[in-house]
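Numbering (the working numbering), first residue to last: -2 to 113.
Encoded structure:
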């Protein structure tokens, strides 16, 4: 192996635990733990996957793993469903809310870079 390959291997294996604690997308939660935290059933989380709202990563053993970001989306889905919104509609609302938030973030960033 050359130095570039060694550096690439070292950079991925040497991430600190703090990096994972701060990473909103790190799949830290099992399905059971995620369901417990949200007060929902594992079936509810699976239904969010089927509705294409969240796609959990899989552990090496094939178990679903959820990130904090995905748990926030699932909590919002539960809130809407609890208010009587059908699951498919709730998922669509959340996807649109997320897209709007991202567009606003990009717009604000562009304004900062083009302002005199």
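Think of the CB as a built atom: it goes at the ideal place given N, C-alpha and C, for glycine as much as any other residue. As the structure is a computational prediction, the values presented were derived from the model and not from experiment.
- Assignment of residue 63 by DSSP, reduced to helix, strand and coil, places it in the strand class.
- Per DSSP, reduced to three states, the secondary structure at residue 80 is coil, with no helix or strand assignment.
- Pairing residue 45 with residue 31 gives a Cβ-Cβ distance that is not under 8 Å.
- For residue 33, the enclosing alpha helix (DSSP H) stretches over residues 28 to 35.
- Note: residue 96 is not bridge-paired with any residue in the DSSP secondary-structure output.
- Taking a C-beta distance under 8 Å as the contact criterion, residue 48 and residue 84 qualify as a contact pair.
- Annotation for residue 50: no alpha helix (DSSP H) segment contains it, and DSSP assigns it neither H nor E.
- With a cutoff of 8 Å on beta-carbon distance, residue 91 and residue 74 are scored as near each other.
- Contact between residue 34 and residue 68 is confirmed by a C-beta separation of about 7 Å, below the 8 Å threshold.
- Within its own chain, the residues whose Cβ lies closer than 6 Å to the Cβ of residue 56, once the five positions on either side in sequence are excluded, are 62, listed in chain order.
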